[in-house]
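Undergrad: Each protein sequence line maps, in turn, to chains P and H. Going by our numbering, the first sequence opens with residue 1, and the numbers climb by one from there. Going by our numbering, the second sequence opens with residue 158, and the numbers climb by one from there. Okay, here's the structure, questions in a sec.
Number of protein chains: 2
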Amino acid sequence: MRYEQLADLPCSITRPLVVLGDRWTLLILKEAFAGVRRFNAFQGNLGIPRSRLQDRLGRLVEHGILVRQQAADGDHAEYRLSRKGHDLYPILMAIKDWGDAHMAPDGPPVHYRHRDCPGEARVSLACDCCGERMTAHDVVPEAGPGLLAHVDAGAPG
Amino acid sequence: MRYEQLADLPCSITRPLVVLGDRWTLLILKEAFAGVRRFNAFQGNLGIPRSRLQDRLGRLVEHGILVRQQAADGDHAEYRLSRKGHDLYPILMAIKDWGDAHMAPDGPPVHYRHRDCPGEARVSLACDCCGERMTAHDVVPEAGPGLLAHVDAGAPG
DNA sequence: CGAAGGTGGTCTCTTTTCGAGACCGACGCT
DNA sequence: AGCGTCGGTCTCGAAAAGAGACCACCTTCG
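Below you can see the structure in the form of structure tokens.
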């Protein structure tokens, strides 16, 4: 039970990771972005045990990342990305960039191409004020409103 | 044993996730980016069981993401980010952006500020050719050299 | 009608992983 | 000697994952 409590920490990296940080969740979401919507499709594509998939899909629905609904044409279930889920795309693309750079000795297995353009999707870290590119060295952490609210609410320690 | 074999798939999202996709690994790396280098510091900050930490650090060193060395001044061990590890930063920042947007009702707990600038680090997905901002809808997957090499090498199926 | 096949979903049983905390040897200090 | 800290190891009970059978429901097709 200790691990789940990490979600209470005032940290916007830790909190998502408690939801996304496991063996299968991000893989399921990757499939969802590839257009997969059906239980058996997720299961077959990933080789994930059915009970595990059931659990993970349920958790993602609980968190509002996926939405479960009956398909319009038939009556089978569909799992679709919500807006919140859709916003996870940069995370997957950042992983993709790293994978291409460091785990793809033969070059990228897949190009994530820009529609109607020779270019390719790439993630970049930049300053939202001056627009300059940034790396970890350029970053200075500083307390924000969420931290103050957390302290005011009587955080332990 | 099935799960580890996902690393053989020609997919630059799947392969990193087999390394990074678990409860603790990305949290450890988050600490590393925050400047943490010592075993006991990782352990204390995260509350991770010592044996687990030992295992994870070892795995990250094996993958060349962290480098273990004896500290110059003393003789205690240090774990530092390699170049490869350093390149993971955009992933953590993408997670941070999502956490700020969807899991921080009181606002960001921490601002990742640009040094000497009022701005803040933000991840964006853009085309590396025309520079246009992109979302999942603008992306078209297309076979790349890594996929062809994988097929030529006699991939199953 | 009844069999076949697909759907999402559940249950059981075994193996693997995780978590908590004691324990260790090496080193430094006093 | 006595104590504290360091990274690291060991044990053991608890939790999670994996495999695969099983289920009810619905279509389709003979």
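Cβ atoms here follow ideal geometry from the backbone N, Cα and C, with glycine treated the same way.
Tell me the residue span of the alpha helix (DSSP H) that contains residue 163 of chain H.
TA: Looking at the DSSP string, residue 163 of chain H is not in any alpha helix (DSSP H), and its letter there is neither H nor E.
Undergrad: Quick check: the Cα distance between residue 164 of chain P and residue 274 of chain H, rounded to an integer number of angstroms?
TA: In the structure as shown, chain P starts at 1 and stops at 157, and residue 164 of chain P therefore has no counterpart that could be examined.
Undergrad: Apply the 10 Å Cβ neighbour rule to residue 36 of chain P and answer buried if 16 or more other Cβ atoms are within range, or exposed otherwise.
TA: Its Cβ being crowded by 16 or more others within 10 Å, residue 36 of chain P is buried.
Undergrad: Given residue 197 of chain H, which residues of its chain have a CB within under 7 Å of its CB, disregarding the five upstream and five downstream residues?
TA: There are no such residues.
Undergrad: Under 8 Å between C-beta atoms, does residue 267 of chain H make it to chain P?
TA: Yes, contact with chain P.
Undergrad: Give a yes or no on whether the minimum CB-CB distance between residue 33 of chain P and chain H is below 8 Å.
TA: Residue 33 of chain P counts as touching chain H.
Undergrad: Tell me whether residue 12 of chain P is buried or exposed, calling it buried when 16 or more other Cβ atoms sit within 10 Å of its Cβ.
TA: It is buried - the Cβ of residue 12 of chain P has at least 16 other Cβ atoms within 10 Å.
Undergrad: Need the endpoints of the beta strand (DSSP E) that residue 223 of chain H sits in, please.
TA: Counting along the chain, the beta strand (DSSP E) containing residue 223 of chain H begins and ends at 223-227.
Undergrad: Identify, in the order they occur along the chain, each residue of the same chain with its Cβ nearer than 8 Å to the Cβ of residue 7 of chain P, setting aside the five sequence neighbours on each side.
TA: Around residue 7 of chain P: 14, 15, 18 and 19.
Undergrad: In angstroms with no decimal places, state the Cα-to-Cα distance between residue 237 of chain H and residue 120 of chain P.
TA: Those two C-alpha atoms are separated by around 32 Å.
Undergrad: Just reading off the alpha helix (DSSP H) that residue 51 of chain P is part of, what are its end residues?
TA: Per DSSP, residue 51 of chain P belongs to the alpha helix (DSSP H) from 50-62.
Undergrad: Check each residue of the region 7-29 of chain P: if its Cβ is closer than 7 Å to any Cβ of chain H, include it; give the result in chain order.
TA: Answer set for the region 7-29 of chain P: 10, 11, 12, 13, 14, 15, 16, 17, 21, 22, 23, 26 and 27.
Undergrad: When you compare the CB of residue 89 of chain P with every CB in chain H, is at least one pair closer than 8 Å?
TA: With 8 Å as the cut-off, residue 89 of chain P counts as an interface residue toward chain H.
Undergrad: For the region 101-145 of chain P, list the beta strand (DSSP E) runs that are entirely contained and at least 3 residues long, ordered along the chain.
TA: Counting whole runs of 3 or more residues, the region 101-145 of chain P contains the beta strand (DSSP E) stretches 110-114, 121-127 and 139-143.
Undergrad: How is residue 81 of chain P classed by DSSP in three states: helix, strand or coil?
TA: Reduced to three states, the DSSP call for residue 81 of chain P is strand.
Undergrad: Can you round the beta-carbon distance between residue 3 of chain P and residue 180 of chain H to whole angstroms, since I take them to be within the 8 Å contact cut?
TA: Right, the Cβ-Cβ distance comes to about 6 Å (below 8 Å), so this counts as a contact.
Undergrad: Listing by chain order, which chain H residues have their CB less than 7 Å from the CB of residue 92 of chain P?
TA: By Cβ distance, chain H contributes 170.
Undergrad: With a threshold of 8 Å between beta carbons, is residue 139 of chain P in contact with chain H?
TA: Closer than 8 Å to some Cβ of chain H, the Cβ of residue 139 of chain P qualifies, so yes.
Undergrad: Note down the Cα distance separating residue 153 of chain P from residue 265 of chain H, rounded to an integer number of angstroms.
TA: Whole-angstrom Cα-Cα distance: 15 Å.
Undergrad: Which of helix, strand or coil does DSSP assign to residue 13 of chain P?
TA: Residue state, collapsed to three classes: coil.
Undergrad: Cβ of residue 125 of chain P within 8 Å of Cβ of residue 280 of chain H?
TA: Their beta carbons are under 8 Å apart, which means residue 125 of chain P touches residue 280 of chain H by this criterion.
Undergrad: Using the beta-carbon count (16 or more within 10 Å), is residue 135 of chain P buried or exposed?
TA: Residue 135 of chain P should be labelled exposed.
Undergrad: Starting from the beta carbon of residue 236 of chain H, find every residue of chain P whose beta carbon is closer than 7 Å, and list them in chain order.
TA: Neighbours of residue 236 of chain H on chain P: none; closest Cβ ~16 Å, over 7 Å.
Undergrad: Determine the DSSP secondary structure at residue 256 of chain H, reduced to helix, strand or coil.
TA: Residue state, collapsed to three classes: helix.
Undergrad: How would you write the range of the alpha helix (DSSP H) that residue 41 of chain P sits in, first residue to last?
TA: Where residue 41 of chain P is concerned, the enclosing alpha helix (DSSP H) stretches over 39-46.
Undergrad: Identify the continuous alpha helix (DSSP H) that holds residue 88 of chain P and give its terminal residues.
TA: Unbroken run through residue 88 of chain P: none, as it is neither H nor E.
Undergrad: Between residue 49 of chain P and residue 38 of chain P, what straight-line distance do the alpha-carbon atoms span, to the nearest angstrom?
TA: Cα to Cα, residue 49 of chain P sits roughly 15 Å from residue 38 of chain P.
Undergrad: From residue 47 of chain P to residue 33 of chain P, what does the alpha carbon distance come to, in whole angstroms?
TA: In a straight line, the C-alpha of residue 47 of chain P is about 17 Å away from that of residue 33 of chain P.
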